[in-house]
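S.K.: Here the protein sequences line up with chains A and B, keeping their order. With numbering that gives the first Met the number 0 applied, the first sequence corresponds to residues 0 to 257, in that order. With numbering that gives the first Met the number 0 applied, the second sequence corresponds to residues 0 to 166, in that order. Positions of the beta carbon are idealized from the N, C-alpha and C atoms, including for glycine. It should be emphasised that the depicted structure is a prediction, and the values quoted were computed from it without experimental measurement. The structure under discussion is supplied below as structure tokens; questions concerning it will follow.
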Amino acid sequence: MSAASITVSETPLVLYTLRRADDALILGHRLSEWCGHAPMLEEDMAMANMGLDLLGQARELYSYAAKVEGKGNDEDKFAYLRDVRQYRNLLLLEQPNGDFARTMTRQFFYAAFSDLYWRAMMKSRDATLAAIAAKSEKESAYHLRHSSEWMVRLGDGTDESHRRVQAAVDDLWAFTGEMFAVDDSERGLIDAGIAIDPAMLRTPWLATVSRVLDESTLTKPQNEWMQQGGRDGRHSEHLGHLLSELQSMQRSFPGATW
Amino acid sequence: MVTIAANDSDLRQRAWDAAAQVVDPEIPVLTIADLGVLRDVAVRDGRIEVAITPTYSGCPAMNMIAVEIEVALERAGFRNSKVRTVLSPAWTTDWMSEDGRRKLKDYGIAPPQAGGGRRALFGEQQVACPQCGSTETEVLSEFGSTSCKALWRCRSCREPFDYFKCH
């Protein structure tokens, strides 16, 4: 590793934008790990397609963060030259793919949130974030429909598929609370109408999740303790491994292009 | 559309016509004008500035389309043209021209349903087979060979086909 990490001036708007960009990049990368390995060709294409949507969202958000920061960083530097403690994504999204049931559960929990989130963000007073939201909202709707259908198929499928998807729901549940958390740096943006208050999305999110879990014959976990830390750079061990793969080229051959 | 000086209107029209000929590299029967990807052509200080909008956030064809526009303008005699991407208003399949829908169907891709906004996503969809016209069709995969398409199959003629998704 020879390329050094960049420094980032995390003003509230830069930090806010980077957090959403990191969400999209990390989940998109996780989905790309299935490429060539999915249980069937249609799902191989589906996950690559959704990963591409997320990568596109990440690029728009990183480019905007770079513009707001105005320190000469760009989308590639944000993606390739920040270390694990500088990443601001939700812990849920860096969790390993596991089996297909686990990947779909992670996708479902996030899509049920992002669909609501981007629709609400279309009303942001920040014109760029509102424009990115208007595109992302349509894409999220497809991601939600796709993963909801798989929850039902797996949950109400065979004993084995039910067992696996219930285990994934139980394991990933504690990571869902972070989606609705707000810290001081975001509070000011919410008050200014630039960001939306995610706490408002919790009830409709729970309604969607409960409805789909019911239809899937799955049990909603009762534990209310939630794991947090990703938004502040405190990650699970999994993110470092992911970044070592994602960043290896630019770290080893700084500025490499093709 | 940007208001431009009257003496620039011929230039602008010639530039529009040149840019409008560029085709989607993944669906070469459709031009970027048919798709609604070409949003604006303006003349600024004698230079042509073209605005395009992506179909999907991650559409990999956008870079290629931008290069093709510059080449098309160069061939039409416009030097140093500039292509910029605009995100707002967000592209929708409702912008696809009638001509574009017909060309898509003739090419074997079921065109998106007009007015099929986001809500149509979660309702019943009836997609006609582009080969035999039957509406006895079923979805095989929500995600197809490109971001903008889903894979369907006709139960009447048994042919699989691409469906351009509503967006």
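1. Rounded to the nearest angstrom, how far is the Cβ of K134 of chain A from that of L86 of chain B, given a contact under 8 Å?
2. Verify whether the separation of the beta carbon atoms of Q125 of chain B and A71 of chain B is less than 8 Å.
3. Taking a contact to mean a Cβ-Cβ separation below 8 Å, would you say L238 of chain A touches Y79 of chain A in this structure?
4. Using 8 Å as the cut-off, can you tell me whether the stretch 177 to 197 of chain A makes contact with the stretch 213 to 228 of chain A, which would need three or more C-beta pairs spanning the two stretches below that distance?
5. For Q249 of chain A, which residues of its own chain have a beta-carbon under 7 Å away from its beta-carbon, when the five flanking residues on both sides are left out?
6. Whose C-alpha, out of A:L60, A:L188 and A:D158, is nearest the C-alpha of A132 of chain A?
7. Please work out which residues of its chain come closer than 7 Å, Cβ to Cβ, to A173 of chain A, disregarding the five sequence neighbours upstream and downstream, and give them in chain order.
8. Could you tell me whether the stretch 1 to 18 of chain A touches the stretch 40 to 52 of chain A, where touching means 3 or more Cβ pairs closer than 8 Å?
9. Got a sec? Which residues, its chain only, sit under 6 Å from D125 of chain A by beta carbon, not counting five neighbours each side?
10. Please name the residue in A:Q56, A:Q106, A:L30 and A:S235 whose C-alpha comes closest to that of M149 of chain A.
11. To the nearest angstrom, how far is it from the Cα of F160 of chain B to the Cα of G107 of chain B?
12. Round the Cβ separation of L259 of chain A and Y116 of chain A to the nearest angstrom and send it over; I've been treating them as touching at under 8 Å.
13. If you draw a straight line from the C-alpha of M61 of chain B to the C-alpha of E67 of chain B, how long is it?
14. Apart from the five residues just before and just after S144 of chain B, which ones in its own chain have a Cβ nearer than 7 Å to its Cβ?
15. On the three-state DSSP scale, how would you describe Y79 of chain A?
16. For F112 of chain A, does the count of other Cβ atoms within 10 angstroms reach 16, so buried, or fall short, so exposed?
17. At least one CB of chain B closer than 8 Å to the CB of L153 of chain A: is that the case?
18. Under 8 Å, CB to CB, which of the residues in the stretch 46 to 70 of chain B have a partner in chain A?
19. How many Å lie between D213 of chain A and D169 of chain A at the Cα?
20. Looking at the secondary structure, which residues open and close the alpha helix (DSSP H) in which K148 of chain B lies?
21. Along chain B, which residues have their Cβ under 7 Å away from the Cβ of S135 of chain A?
22. F142 of chain B touches chain A at which residues, Cβ-Cβ below 9 Å?
23. For C34 of chain A, does the count of other Cβ atoms within 10 angstroms reach 16, so buried, or fall short, so exposed?
24. Applying a beta-carbon distance threshold of less than 7 Å, which residues of chain B neighbour I131 of chain A?
25. Could you work out which residues of chain A lie near L176 of chain B, taking near to mean beta carbons separated by less than 9 Å?
26. Beta-carbon within less than 7 Å of V1 of chain B's beta-carbon, same chain only, minus the 5 sequence neighbours each way: which residues are those?
27. How would you list, in chain order, the residues of chain B whose beta-carbon sits under 8 Å from the beta-carbon of Q56 of chain A?
28. Sorted by chain position, which residues of the same chain lie with C-beta nearer than 6 Å to C131 of chain B's C-beta, five sequence neighbours on each side aside?
29. List the residues of chain A whose Cβ lies closer than 7 Å to the Cβ of L139 of chain B, in chain order.
30. Compute the Euclidean distance between the alpha carbons of T6 of chain A and S147 of chain A, then round it to the nearest angstrom.
31. Cα separation between Y63 of chain A and F77 of chain A?
32. Please list, in chain order, all residues of the same chain as E191 of chain B whose beta carbon is under 6 Å from its beta carbon, the five residues on each side excluded.
33. Determine, using beta carbons only, whether D52 of chain A comes closer than 8 Å to chain C.
34. Compare the Cα-Cα distances from D105 of chain B to each of B:C128, B:A32 and B:W94 and report the closest residue.
M.R.: From the atom records:
1. 6 Å
2. no
3. no
4. Result yes; three or more Cβ-Cβ pairs closer than 8 Å.
5. A2, Y79, L80 and A255
6. A:L60
7. Cβ neighbours of A173 of chain A beyond the five flanking positions: N222, W224, M225 and Q226.
8. In short, these stretches do not touch, since the Cβ pair count stays below three.
9. I193
10. Inspection of the sequence shows that residue 149 of chain A is occupied by Trp rather than by Met. Measuring from the Cα of W149 of chain A, the nearest candidate turns out to be A:Q106.
11. 7 Å
12. Residue numbering for chain A in the displayed model covers 0 to 257; residue 259 of chain A lies beyond these limits and cannot be assessed.
13. Inter-residue distance for M61 of chain B and E67 of chain B is about 10 Å (C-alpha atoms, whole angstroms).
14. D161
15. Secondary structure of Y79 of chain A (DSSP, three-state): helix.
16. buried
17. no
18. P53, Y55, S56, G57, C58 and P59
19. 15 Å
20. Segment K148 to C153 is the beta strand (DSSP E) holding K148 of chain B; no alpha helix (DSSP H) there.
21. Those are S56, listed as they occur along chain B.
22. E41, E42, M44, A45, M46, A47, N48, M49, Y141 and H145
23. exposed
24. L86
25. Because chain B is modelled from 0 through 166, residue 176 of chain B falls outside the range shown and cannot be assessed.
26. Residue placement at V1 of chain B is poorly supported in this model, since its pLDDT is 47, which falls under 50; the coordinates still yield a value, given next. Cβ neighbours of V1 of chain B beyond the five flanking positions: D39 and A41.
27. S56 and G57
28. S155 and C156
29. E41
30. 39 Å
31. 11 Å
32. Given a span of 0 to 166 for chain B in the structure shown, any question on residue 191 of chain B remains unanswerable.
33. Among the chains of the structure shown, chain C does not appear; the protein chains present are A and B.
34. B:C128
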